[in-house]
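Under my numbering, the first residue of the sequence shown carries the number 213, and numbering increases by one thereafter. We put the CB at the ideal spot given by N, CA and C, even for glycine. To keep things clear, I will list the structure first and then write my remarks on it.
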Amino acid sequence: MKIPDLSTTYLGLQLKNPVIVGSSGLTDSVEKIISIEAMGAGAVVLKSLFEEEIIMEMEETIHTMTNRNFVFPETMDYMETIVKEDILLNYLQLITEAKKAVGIPVIASINCVSSQKWTYFAREIEKAGADALELNLFFLPSDSLRGEKEVLDSTLEIISKVKGSVKIPIALKISAYQSNLIRYAQFIDQAGVEGMVLFNRSWLPDIDISHLVISSGFVLSSPSDLGNTLRWVSMLSGRVNCDIAASTGIHDGAGLIKQILAGARACQIVSSLYINDLSQIGKMTDELYQWMVEHEFRSIESFRGRLSQSNSGNPAAWERVQFMKHFRNFI
Ligand SMILES: Cc1cc2nc3c(=O)[nH]c(=O)nc-3n(C[C@H](O)[C@H](O)[C@H](O)COP(=O)(O)O)c2cc1C
213 MKIPDLSTTY LGLQLKNPVI VGSSGLTDSV EKIISIEAMG AGAVVLKSLF EEEIIMEMEE
273 TIHTMTNRNF VFPETMDYME TIVKEDILLN YLQLITEAKK AVGIPVIASI NCVSSQKWTY
333 FAREIEKAGA DALELNLFFL PSDSLRGEKE VLDSTLEIIS KVKGSVKIPI ALKISAYQSN
393 LIRYAQFIDQ AGVEGMVLFN RSWLPDIDIS HLVISSGFVL SSPSDLGNTL RWVSMLSGRV
453 NCDIAASTGI HDGAGLIKQI LAGARACQIV SSLYINDLSQ IGKMTDELYQ WMVEHEFRSI
513 ESFRGRLSQS NSGNPAAWER VQFMKHFRNF I
């Protein structure tokens with residue numbers, strides 16, 4: 213038996229294994245990225261650069277200045293530029309320094325509100341040396357005046373503009389809250405993205421019943437969140453040309469193996485690293501290695517997608533949603 217090869221490709225990038233540390237506070241400094249590489253990850257996605265955060269910071273600065281009667285319009289414009297450029301420059305510096313410090317691929321991530329910023333940030337990020345760019349397009353489709361078509365059209369427009377502005381590979385990180393995800397994903401795929409990340413995780417609201425205010429719900433995922441990602445990875449595998457990265461609910465080596473069997477080329481991990489620590493990366497890749505030895509798989513490609521919807525021999529199982537008597541385990 214030859215030694216199993218854990219390497220994979222994602223967005224045309226060579227990864228020594230399929231574990232990517234996903235966009236989060238775990239990836240917001242060069243020191244953390246160096247540790248992530250040392251702990252064995254295949255790649256890293258930087259914390260997103262949020263245009264909204266830049267706007268908020270700008271508003272705060274302007275508010276402070278207004279309170280100090282510091283309100284000349286020229287000063288405001290100047291401050292606006294300074295705040296904007298400062299946050300962007302810090303992010304670009306993170307990319308450049310991370311690229312110098314580690315050998316694993318560094319994928320940047322952006323989330324914008326205005327359409328020009330997607331392309332502006334993308335161009336600057338490419339210049340700074342990122343290997344690829346993830347578009348964090350997560351928003352909650354809750355506007356009753358914007359139907360499925362409008363949501364899709366604006367997504368396709370952003371992809372087209374970004375693709376027209378940069379040469380680095382682009383991945384779209386989507387949310388599970390879309391009508392007919394297969395159709396939505398196929399349109400995105402046809403728009404020419406190199407990858408799709410299923411799924412982003414939203415901040416969840418809760419209610420603090422002691423103080424009667426809105427509070428923050430659970431931030432981290434749990435292993436029980438794996439099933440939804442698994443379902444859609446398996447259903448999209450073979451139905452889109454772009455690479456699929458699984459994200460949400462992967463907490464151990466078994467979760468990693470399941471997603472690859474469903475068709476993922478790579479898996480993004482966040483919550484499990486917050487709950488455990490970075491040593492979880494090595495535990496996951498060790499588990500993958502041992503499992504490949506046991507099952508005599510020499511490469512990731514030799515088993516990737518074996519249980520995707522089209523290859524599983526039981527396509528209906530992936531689409532089953534009702535707890536019918538026939539299938540339920542609970543009496
Ligand atoms: C604390 C925290 C911060 C995150 N920040 C970002 C972010 O800046 N950009 C992004 O695209 N996703 C962000 N995410 C989502 C993760 O990248 C990931 O998609 C999600 O947590 C699901 O993976 P998991 O189940 O392994 O946690 C964040 C998640 C957490 C828990």
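- [ ] May I ask whether a heavy atom of ligand 1 can be found less than 7 Å away from the beta carbon of Val-318?
- [x] Not under cutoff, so the answer is no.
Task: Which of helix, strand or coil DSSP assigns to Thr-460 - done: Three-state result, Thr-460: coil.
Open item on the list: Just to confirm, is the Cβ distance from Asn-348 to Ser-326 under 8 Å?
Closed with: Not a contact, by the Cβ cut-off of 8 Å.
- [ ] Use the C-beta contact count for Val-431: other C-beta atoms within 10 angstroms, 16 or more gives buried, fewer gives exposed.
- [x] Flag for Val-431 reads exposed.
- [ ] Would you mind working out which of Phe-411, Leu-473, Val-425, Gln-502 sits nearest Gly-461, comparing C-alpha positions?
- [x] Phe-411
Open item on the list: Just verifying my parser: in three-state terms, what is the DSSP assignment at Leu-393?
Closed with: helix
TODO: Can you tell me which of Ser-434, Ser-436, Pro-417, Asp-437 puts its alpha carbon nearest to the alpha carbon of Ser-428?
DONE: Pro-417
TODO: Ignore the nearest five residues each way along the sequence and tell me which others in Cys-479's own chain have a CB closer than 8 Å to its CB.
DONE: Pro-230, Val-231, Ile-232, Ala-457, Ala-458, Ser-459, Ile-462, Gly-467, Leu-468, Gln-471, Ile-472
- [ ] Determine, using beta carbons only, whether Ile-316 and Gly-234 come nearer to each other than 8 Å.
- [x] no
- [ ] Report yes if the C-beta of Ser-606 is less than 7 Å from at least one heavy atom of ligand 1; otherwise report no.
- [x] Because the chain is modelled from 213 through 543, residue 606 falls outside the range shown and cannot be assessed.
Task: Ala-310 versus Val-533: straight-line alpha-carbon distance, rounded - done: 43 Å
Open item on the list: Do Ser-483 and Ser-433 count as a contact pair if the criterion is CB distance below 8 Å?
Closed with: yes
Task: Beta carbon of Glu-346 nearer than 8 Å to that of Ile-319 - done: For Glu-346 and Ile-319, yes; Cβs fall inside 8 Å.
Task: Residue nearest to Tyr-389 in terms of C-alpha spacing, selected from Ile-245, Leu-300, Ala-313, Asn-440 - done: Asn-440
- [ ] Could you name each continuous alpha helix (DSSP H) segment of 4 residues or more that falls completely within the region 324–397, going from the start of the chain to the end?
- [x] 327–340, 360–377
TODO: In the DSSP assignment, find the unbroken beta strand (DSSP E) run with Gly-407 in it and report its ends.
DONE: That run of the beta strand (DSSP E) goes 407–410.
Open item on the list: Distance check for Val-425 and Ser-377, CA to CA, integer angstroms please.
Closed with: 44 Å
Open item on the list: Could you tell me the alpha carbon to alpha carbon distance between Ala-342 and Asp-420, rounded to whole angstroms?
Closed with: 41 Å
Open item on the list: Suppose you measure from the CA of Gly-525 to the CA of Leu-300; what does that come to, to the nearest Å?
Closed with: Cα to Cα, Gly-525 sits roughly 49 Å from Leu-300.
Task: Per DSSP, the bridge partner or partners of Cys-479 - done: Val-231, Ala-458
TODO: Just tell me which of Leu-519, Gln-521, Ser-511, Gln-328 has its CA closest to the CA of Thr-221.
DONE: The alpha carbon of Thr-221 has as its nearest neighbour, out of Leu-519, Gln-521, Ser-511, Gln-328, the alpha carbon of Ser-511.
TODO: Reducing DSSP to helix, strand and coil, say where Pro-216 ends up.
DONE: Of the three classes helix, strand and coil, the one that applies to Pro-216 here is coil, per DSSP.
Open item on the list: Quick test of your reading: Ile-380 and Val-314, contact by CB under 8 Å. State the CB separation rounded to the nearest angstrom.
Closed with: Their Cβ separation, rounded to whole angstroms, is 17 Å, which puts Ile-380 and Val-314 out of contact at 8 Å.
Task: CA-to-CA distance, Leu-485 to Met-496, given in whole angstroms - done: Roughly 11 Å separates the two Cα atoms.
- [ ] Label Lys-312 either buried or exposed according to how many other C-beta atoms from any shown protein chain fall within 10 Å of its C-beta, with 16 as the threshold for buried.
- [x] exposed
Open item on the list: Less than 8 Å between the beta carbons of Ser-514 and Ala-474, yes or no?
Closed with: no
Task: Identified DSSP bridge partners for Leu-261 - done: For Leu-261, which the question treats as bridged, DSSP gives the partners Ile-322.
Task: Completely contained alpha helix (DSSP H) runs for the region 477–542, where each covers 4 or more residues - done: 483–487, 491–506, 527–531
Task: Contacts around Asp-240, its chain only, beta-carbon distance under 6 Å, and the 5 residues preceding and following it disregarded - done: Excluding sequence positions up to five before and after Asp-240, its CB lies within less than 6 Å of the CB of Lys-259, all in the same chain and listed in chain order.
Task: Residue environment, Leu-500, which counts as buried when at least 16 other CB atoms sit within 10 Å - done: buried
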